[in-house]
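This note's numbering puts the sequence shown at residues 30 to 158.
We put the beta carbon where it would ideally sit given N, CA and C, even for glycine.
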Amino acid sequence: MATDHPLAPTPLTFELPRSLVERIHSCRARLGLKSASAVVRRALECFDFAAYTAPRREQCQVSVRLSAAQKRLLFHHARRQRVSAGVLLRSALEALALRRPPADSRPAKAGRKAAAQPAGGRRLRRKKR
30 MATDHPLAPT PLTFELPRSL VERIHSCRAR LGLKSASAVV RRALECFDFA
80 AYTAPRREQC QVSVRLSAAQ KRLLFHHARR QRVSAGVLLR SALEALALRR
130 PPADSRPAKA GRKAAAQPAG GRRLRRKKR
């Protein structure tokens, strides 16, 4: 049997950066709205969906081989931290890029390259024309 009353709104959960949550609270105060939900509803009412173009994400997909132990460790910590394995992987790569290598593993500074010599150790001379 159909009813004429609208369905009760159901909560939607989104993960937002803290800075955006702070903007929601400031908009709530500035606009005199009663809740964060009211701010989101107002934002959706005013938003021009037709003019929106998604920003291009400069990302590439890569495939890597991990040992079973590394894969297990990655997914274990992702579940424990309640984040995706990709988030942990990106964080690990960023941390590695910022880390300075130990002094003994740094490549030697490049000096002048020695001139290439043919087998036998003697340099060849160019013929004069």
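**Report entry** Spatially closest choice to V68 from A79, F78, A80, S55, by CA coordinates
**Finding:** The option with the nearest alpha carbon to V68 is S55.
Query raised in the report: Quick one, which of V91, A121, A114 has its alpha-carbon nearest R101's?
Result: A114
Query - Inter-residue spacing [alpha-carbon to alpha-carbon] between F104 and Q88 - result: 22 Å
Report task. Find the nearest neighbour of L49 within the set T39, A107, A65, E74, judged by alpha-carbon distance. Result -> A65
Report task. Assign F76 to one of three DSSP states: helix, strand, or coil. Result -> Coil, per DSSP.
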